[in-house]
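Following: one structure in structure tokens, then a few remarks.
Residue numbers (our numbering): 5 to 110.
If you want it as structure tokens, here you go:
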């Protein structure tokens, strides 16, 4: 599935336990249709110490993937979660734009 969300986009969670939280997309998992969002859907993992990689053991908090359908891109211009459309510019480039305020994304 092709998503309109890219790495470093600012997104808002629209469903689930973290509903309303805003964060930056860290990674996109295309095969699973999921994204990793900064400081959202935090889980705890118990890890063993690895002296060769200088990793201490203990309980580590990290982000878990969240489904693409549960996040919406936040527009920088209108600061609201919005849908994304595509349009071509005069020079033939395909760009994303906000469906609420018609502003183009970076």
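C-beta: ideal position from N, C-alpha, C; glycine also.
State the DSSP-derived secondary structure class of residue i, mapped to helix, strand or coil.
{"i": "residue 54", "result": "strand"}
{"i": "residue 44", "result": "coil"}
Exposed or buried, which one is residue i when buried takes at least 16 other CB atoms within 10 Å?
{"i": "residue 38", "result": "buried"}
{"i": "residue 45", "result": "buried"}
Taking the continuous beta strand (DSSP E) assigned at residue i, which residues delimit it?
{"i": "residue 105", "result": "That residue, residue 105, is in no beta strand (DSSP E); it is neither H nor E in DSSP."}
{"i": "residue 76", "result": "75-78"}
{"i": "residue 65", "result": "62-67"}
Shortest alpha-carbon distance to residue i belongs to which of the options?
{"i": "residue 60", "options": "49, 82, 70, 69", "result": "49"}
{"i": "residue 66", "options": "30, 94, 96", "result": "30"}
{"i": "residue 114", "options": "25, 64, 71, 96", "result": "The requested residue 114 does not occur in the structure, where the chain is confined to residues 5 to 110."}
At least three beta-carbon pairs within less than 8 Å, the region 72-84 to the region 8-18: Cβ pair count under 8 Å is three or more, so yes.
Quick check: the region 41-56 against the region 21-28, are there 3 or more CB pairs under 8 Å? In the pairwise beta carbon analysis, the region 41-56 is classified as touching the region 21-28: at least three pairs are separated by under 8 Å.
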